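Take 1 as the starting number for the sequence shown in UniProt numbering and just add one per residue. One structure is given here, and the rest of the page talks about it.
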Amino acid sequence: MPDVRVAVLIDGGFLRVEAKKAKRIYNPDYIERFALACKTADESLFRILYYDCALYSGTVKLPVSGLPHVFQSSDAWLHELSHKDLFAVRRGVLKFRGFKPKRTPVTNQAQLTDADFQPDFEQKGVDMRIGLDIAAYAANHAVERIVLVSNDTDCVPALKYGRRAGLQTVLIEPPKVRLAPELLSHIDFKRPVLWP
């Protein structure tokens, strides 16, 4: 029986948070090892799609002092990842939404300092890109199975569409991660994968 053609779709924001909780060094080589661990022996890898944003760069005002704070970052690691075999990087945008308290509830507001706050960032456009790629694979039949690394329930409509169009869907379950029940209702297989 021929191998099943698969595309591995990785929500980088999700994988980064969970890998760091597991004390893994998160870099392009690690991402590649994890992606390859998501494929089984009976699967033929068509492509690995990695969805993420470069870290935020810009100047903002600190919440208490009002002093300027500069965020500097490089997206060189995304370029490095995009040059790996079978990888394609799909970029979203990271938006700065302000600052939020590190601890809640906030007590003694008169004594707050800038150090009591942390930046609040929001990733935009990643779920939409995942959905568009699932729909494209469903339409062009380039793969038979989607292997998804995410815990974002915004992927549910795309998973439902892909399954109706004939794609098999696999949701990766990293160690100690509780997957969203809404996602589990719209996949064909749940696949545990250990941290490499």
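Yeah, the Cβ is synthetic: ideal placement off N, Cα and C, and Gly gets one too. A quick note: this is a predicted structure, and the numbers were derived from the prediction, not measured.
Best match in the options for proximity to residue i [C-alpha to C-alpha]
{"i": "Val8", "options": "Asp114, Thr107 and Ala142", "result": "Ala142"}
{"i": "Phe189", "options": "Thr40, Cys53 and Gly92", "result": "Thr40"}
{"i": "Leu15", "options": "Leu184, Ile187, Ser185 and Pro175", "result": "Pro175"}
{"i": "Cys53", "options": "Asp75, Gln118, Thr59 and Glu144", "result": "Asp75"}
{"i": "Gly92", "options": "Leu194, Gln123 and Leu36", "result": "Gln123"}
{"i": "Ala115", "options": "Arg103, Ser185 and Phe121", "result": "Arg103"}
{"i": "Asp127", "options": "Pro2, Ile31, Gly13 and Ser57", "result": "Gly13"}
{"i": "Gly97", "options": "Tyr56, Asn108 and Glu144", "result": "Per the sequence shown, residue 97 should be read as Arg rather than Gly. The residue with the shortest Cα to Cα distance from Arg97 is Tyr56."}
{"i": "Lys94", "options": "Ile10, Asp120, Ile187 and Asn151", "result": "A quick correction: the sequence has Leu, not Lys, at residue 94. Taking only the C-alpha atoms, the option nearest Leu94 is Asp120."}
{"i": "Pro63", "options": "Arg33, Thr113 and Pro28", "result": "Thr113"}
{"i": "Ser65", "options": "Thr153, Pro157, Trp195 and Phe99", "result": "Phe99"}
{"i": "Cys155", "options": "Val193, Ala135 and Asn27", "result": "Ala135"}
{"i": "Gln72", "options": "Thr169, Val60 and His83", "result": "Val60"}
Burial state of residue i (16 or more Cβ within 10 Å)
{"i": "Arg178", "result": "exposed"}
{"i": "Arg164", "result": "exposed"}
{"i": "Thr81", "result": "Residue identity differs from the one stated: residue 81 is Leu in this sequence, not Thr. It is buried - the Cβ of Leu81 has at least 16 other Cβ atoms within 10 Å."}
{"i": "Gly162", "result": "buried"}
{"i": "Leu159", "result": "buried"}
{"i": "Ala110", "result": "exposed"}
{"i": "Ile25", "result": "exposed"}
{"i": "Asp29", "result": "exposed"}
{"i": "Thr169", "result": "buried"}
Three-state secondary structure assigned by DSSP to residue i
{"i": "Arg187", "result": "Reading the sequence as shown, one finds Ile at residue 187 and not Arg. Coil."}
{"i": "Asp154", "result": "helix"}
{"i": "Ala37", "result": "helix"}
{"i": "Pro28", "result": "helix"}
{"i": "Ala88", "result": "strand"}
{"i": "Gly66", "result": "coil"}
{"i": "residue 218", "result": "As shown, the chain starts at 1 and ends at 196. That puts residue 218 outside it, with no answer to give."}
{"i": "Glu173", "result": "strand"}
{"i": "Gln111", "result": "helix"}
{"i": "Pro119", "result": "strand"}
{"i": "Pro192", "result": "strand"}
First through last residue of the beta strand (DSSP E) which encompasses residue i
{"i": "Val93", "result": "Val93 to Pro101"}
{"i": "Arg5", "result": "Val4 to Asp11"}
{"i": "Arg47", "result": "Glu43 to Asp52"}
{"i": "Arg145", "result": "Arg145 to Val149"}
Delimiting residues of the alpha helix (DSSP H) encompassing residue i
{"i": "Arg129", "result": "Val126 to Asn140"}
{"i": "Ser82", "result": "Ala76 to Ser82"}
Supposed close pair residue i, residue j - CB separation, criterion 8 Å
{"i": "Ile130", "j": "Tyr51", "result": "6 Å"}
{"i": "Ala138", "j": "Leu167", "result": "5 Å"}
{"i": "Asp85", "j": "Glu43", "result": "Contact doesn't hold; Cβ gap of about 16 Å is too wide."}
{"i": "Leu49", "j": "Ala88", "result": "5 Å"}
{"i": "Phe117", "j": "Pro101", "result": "6 Å"}
{"i": "Leu45", "j": "Val6", "result": "6 Å"}
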